[in-house]
Amino acid sequence: MVLGELSRRLTSAMSALTGSNIIDEKLLDAVLKEICSALLESDVNVKLVGNLRKSVKQKVNLKDLPAGVNKKRIVQKTVVDELIKLVDPKVEAYKPVKGKTNVIMFVGLQGSGKTTSCTKLALFYQKQGFKSCLVCADTFRAGAFDQLKQNATKARIPFYGSYTETDPVRISKEGVDKFKKEKFEIIIVDTSGRHRQEKELFAEMVQIQQAVKPHQTIMVLDASIGQAAESQSKAFKESSNFGAIIITKMDGHAKGGGAISAVAVTQTPIVFIGTGEHMHELERFSAQPFISKLLGMGDIQGLMEH
Amino acid sequence: SFGFFKSFIGGKQISTESLQPALEKMREHLMKKNVAKGIADHLCESVEKILIDQKTGNFQTIKNKVRQTMQDSLRRILTPGSTIDVLREIRQVRRELRPFAISFVGVNGVGKSTNLSKVAFFLLQNKLKILIAACDTFRSGAVEQLRVHVSNLKELTEREGGRIELFDRGYGKDAATIAKDAVDFATKEDFDVVLIDTAGRRHSDQRLMGSLEKFASLAKPDLILMVAEALVGTDSVAQAQNFNNALGTNRRLDGFVISKCDTVGDMVGTMISMVADVYGSEETGR
Ligand SMILES: Nc1nc2c(ncn2[C@@H]2O[C@H](COP(=O)(O)OP(=O)(O)OP(=O)(O)O)[C@@H](O)[C@H]2O)c(=O)[nH]1
Ligand SMILES: Nc1nc2c(ncn2[C@@H]2O[C@H](COP(=O)(O)OP(=O)(O)OP(=O)(O)O)[C@@H](O)[C@H]2O)c(=O)[nH]1
Ligand SMILES: [Mg+2]
Ligand SMILES: [Mg+2]
Chain A
1 MVLGELSRRL TSAMSALTGS NIIDEKLLDA VLKEICSALL ESDVNVKLVG NLRKSVKQKV
61 NLKDLPAGVN KKRIVQKTVV DELIKLVDPK VEAYKPVKGK TNVIMFVGLQ GSGKTTSCTK
121 LALFYQKQGF KSCLVCADTF RAGAFDQLKQ NATKARIPFY GSYTETDPVR ISKEGVDKFK
181 KEKFEIIIVD TSGRHRQEKE LFAEMVQIQQ AVKPHQTIMV LDASIGQAAE SQSKAFKESS
241 NFGAIIITKM DGHAKGGGAI SAVAVTQTPI VFIGTGEHMH ELERFSAQPF ISKLLGMGDI
301 QGLMEH
Chain B
1001 SFGFFKSFIG GKQISTESLQ PALEKMREHL MKKNVAKGIA DHLCESVEKI LIDQKTGNFQ
1061 TIKNKVRQTM QDSLRRILTP GSTIDVLREI RQVRRELRPF AISFVGVNGV GKSTNLSKVA
1121 FFLLQNKLKI LIAACDTFRS GAVEQLRVHV SNLKELTERE GGRIELFDRG YGKDAATIAK
1181 DAVDFATKED FDVVLIDTAG RRHSDQRLMG SLEKFASLAK PDLILMVAEA LVGTDSVAQA
1241 QNFNNALGTN RRLDGFVISK CDTVGDMVGT MISMVADVYG SEETGR
């Protein structure tokens, strides 16, 4: 399972609670220390981890708990609630509608896996019966159009792009207009990699967005990203207001905590994960299995209703 | 007056307990700057070992001591044990009537091809004759990406001298063989340097990592540089270790190129994580 390693660590940290009769400040600190270590080793943002620790301690407030309450359950529930907050923004992502044009624009940092994931997603929808196509609005990176063209050709997906046009706004508009006329249902727009430190690159992203008016903007994040995930994703959110996240390279060794932090910071759900370099290596993501596993910790489903 | 102050507050033995608050702050600071947790723990432990049983005074003084000791440790880690003077090494190898070969390895999308082109730019400014070997025969557009760079760089050679060509065999072929052919070609055609691009690979993929050893033994690069991005988190440590080990028992990485430093602001911890764990590796900067 995705995030399997992380949930295994978390579950084992929580098991200290089940094994112990006396729930005191010392035990709580020890459990929290283990949980925080697991999160930090997975690249979850340091500030978020710090907040989680503080928030659990405050909410549990052991010393003011009246005698007779089940301290163990209160601690478990509080911890689980806080962990779920990390991965589940409780927001629904846009769902493409058949028989209609759905424009999807990809944004993200350099090399995160946008172009690869664009083709994967087009293929995914094509297999679901959507008439899909690709537009290359990356006029910056050397060989970007060739890359998209070769991928699209292999996947037999119509594409649009240019070797000579240097304005990504114009090219994306041309491509989307053309495919709209041809009644394509899924039009995916690939853009150049960019980062928050370059204001003009962000301005360009906004201009492309204004030109193609996407129904959904997706931010692509590399599973191995570290502490920069928070500030970069926040900045992308502020400029592009993306509505979904794809985490790529989950086939690697990285645990994806940086990308999870992006979920928490931007309150945006992960919709797919990339699990390899090949075209079919894309999986739908739902936070539910991860959450179920967390809920399984200490068997507290019954407490989750409220 | 400083002496008076010192004697007033100083003179206490540093104990493990008195160190903890400052070490804890330091550990968190390092992690916020994107140093991997394991490395941050290790660095703090070694600072603790150095400081324990030394004499000092109140909390402020301990904080300063921790900071000073950490600074020294980091400086030591980041100072290469040997330096690479590429231009001199190229001249030396050219006396053997063969080209100097540099290859770039690393995980997917970190900036191998881009940094290879940046190095080509630097070498061209030194009027050298460069052959770029397109040995990423897997990723779509990888060959064309290099072709665009070569054609842009050719304009530079018209102004400033030097020479640059692309050596490619398209897609799907064996990378190690192409690399070897490129080096042979460069020897015949009197190129000074061969820059070998390779496909990105997951460091946990046995098959792809295994092919690196064959690559190193066939192409015999004089310099193997690992490209890693400043964006990467705790995975940096395993990346460096696994690439270093994949080259076989007779070959190590010669250095790191840390890319995308412009995207992380002051969160430059990756540099420390990469080098702190790999004995004998050098930090070459970007
Ligand atoms: N292992 C693995 N590699 C991936 C995955 N997704 C993408 N890649 C690889 O990551 C590298 C970068 O992918 P691209 O799709 O070119 O990334 P990009 O975001 O379009 O890059 P720029 O356009 O330069 O910003 C390529 O080598 C891809 O093959 C994945 O899920 N797993
Ligand atoms: N901001 C920034 N972007 C960079 C830097 N180096 C490379 N890039 C960008 O990162 C993306 C990937 O670069 P490539 O050189 O294609 O990376 P690669 O390692 O060859 O990728 P694969 O061959 O797909 O594994 C491109 O968009 C580059 O422009 C850098 O130092 N800073
Ligand atoms: Mg791209
Ligand atoms: Mg490359």
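Order-wise, the sequence lines are chains A and B. With this note's numbering, the residue at position 304 of the first sequence is 304, and numbering never jumps. With this note's numbering, the residue at position 220 of the second sequence is 1220, and numbering never jumps. Note that the Cβ used here is the ideal one computed from N, Cα and C, for glycine as well. Remember, it's a predicted structure, so these values are computed and weren't measured experimentally.
Residues that residue i bridges to, as DSSP identifies them
i: A:Thr217; result: A:Met105
i: B:Thr1079; result: In the DSSP output, where bridge partners are listed per residue, B:Thr1079 has none listed.
i: B:Ile1258; result: B:Ala1228
i: A:Ile187; result: A:Val103, A:Cys133
i: B:Leu1135; result: Looking at the sequence provided, one finds Cys at residue 1135 of chain B rather than Leu. Answer by DSSP bridge pairing, in chain order: B:Thr1198.
i: B:Ile1102; result: B:Leu1195, B:Leu1223
i: A:Arg284; result: A:Phe272
Closest Cα partner of residue i within the set the options
i: A:Thr115; options: A:Gln128, A:Cys136, A:Lys127; result: A:Cys136
i: A:Thr57; options: A:Val206, A:Gly243, A:Ile74; result: It is Lys, not Thr, that sits at residue 57 of chain A in the sequence shown. That would be A:Ile74, whose Cα lies nearest to the Cα of A:Lys57.
i: A:Ile186; options: A:Gly175, A:Met279, A:Val263, A:His195; result: A:Gly175
i: A:Gln267; options: A:Asp88, A:Leu48, A:Met105; result: A:Asp88
i: A:Ser286; options: A:His278, A:Ile273, A:Met279, A:His280; result: A:Ile273
i: A:His278; options: B:Glu1089, B:Ser1140, B:Gln1068, B:Gly1111; result: B:Ser1140
i: B:Phe1167; options: B:Glu1158, B:Ala1182, B:Glu1089, B:Ser1113; result: B:Ala1182
i: A:Gly99; options: A:Val107, A:Ala122, A:Gly129; result: A:Gly129
i: A:Asp24; options: A:Leu10, A:Cys36, A:Leu52, A:Lys71; result: A:Lys71
i: B:Lys1154; options: B:Cys1135, B:Gln1125, B:Ala1134, B:Arg1169; result: B:Gln1125
i: A:Phe124; options: A:Leu52, A:Ala152, A:Lys54; result: A:Ala152
i: A:Ile270; options: A:Ile22, A:Ala244, A:Leu294; result: A:Ala244
i: B:Met1070; options: B:Leu1023, B:Lys1055, B:Arg1091, B:Arg1094; result: B:Leu1023
i: B:Arg1202; options: B:Ala1179, B:Ala1228, B:Pro1021; result: B:Ala1228
Whole-angstrom C-beta distance between residue j and residue i, which should lie under 8 Å
i: A:Leu282; j: A:Ser117; result: 7 Å
i: B:Pro1099; j: B:Val1194; result: 5 Å
i: A:Gly256; j: A:Leu83; result: The Cβ separation is near 14 Å, so there is no contact.
i: A:Thr275; j: A:Met250; result: 5 Å
i: B:Asn1152; j: A:Gln227; result: Not a contact, Cβ separation roughly 34 Å.
i: A:His195; j: A:Leu65; result: Not really, about 47 Å apart at Cβ, beyond 8 Å.
For residue i, three-class secondary structure by DSSP
i: B:Arg1202; result: coil
i: A:Arg8; result: helix
i: B:Ile1009; result: Low per-residue confidence applies at B:Ile1009: pLDDT is 47, beneath 50, and the placement is therefore not dependable, though the value from the model is reported in the following sentence. In this structure, B:Ile1009 counts as helix in the three-state DSSP scheme.
i: A:Ser15; result: helix
i: A:Gly252; result: coil
i: B:Glu1165; result: strand
i: A:Tyr160; result: strand
i: A:Gly274; result: strand
i: B:Thr1056; result: strand
i: B:Leu1123; result: helix
i: B:Val1035; result: coil
i: B:Arg1251; result: coil
i: A:Leu303; result: Reliability of the predicted coordinates at A:Leu303 is poor, the pLDDT of 46 falling under 50, and no value is obtained from them.
i: A:Val97; result: coil
i: B:Ile1272; result: helix
i: B:Ile1014; result: coil
i: B:Ile1084; result: coil
i: A:Ile246; result: strand
Ligand 3 heavy atom lying under 8 Å from the CB of residue i
i: A:Gly193; result: yes
i: A:Phe150; result: In the sequence as displayed, the identity of residue 150 of chain A is Gln instead of Phe. False, no ligand heavy atom lies under 8 Å from that Cβ.
i: A:Thr115; result: yes
Closer than 8 Å: residue i CB and nearest ligand 2 heavy atom
i: B:Thr1016; result: no
i: B:Cys1261; result: yes
i: B:Val1047; result: no
Residue i: CB within 8 Å of a non-hydrogen atom of ligand 4
i: B:Ser1113; result: yes
i: B:Ala1142; result: yes
i: B:Arg1139; result: yes
Near ligand 1: residue i beta-carbon under 8 Å from a heavy atom
i: A:Glu277; result: yes
i: B:Asn1245; result: no
i: A:Gln110; result: yes
i: B:Gly1200; result: yes
i: A:Met250; result: yes
i: A:Gly256; result: no
Ligand 5 heavy atom lying under 8 Å from the CB of residue i
i: B:Gly1106; result: As far as ligands go, the structure on display features ligand 1, ligand 2, ligand 3 and ligand 4 and does not contain ligand 5.
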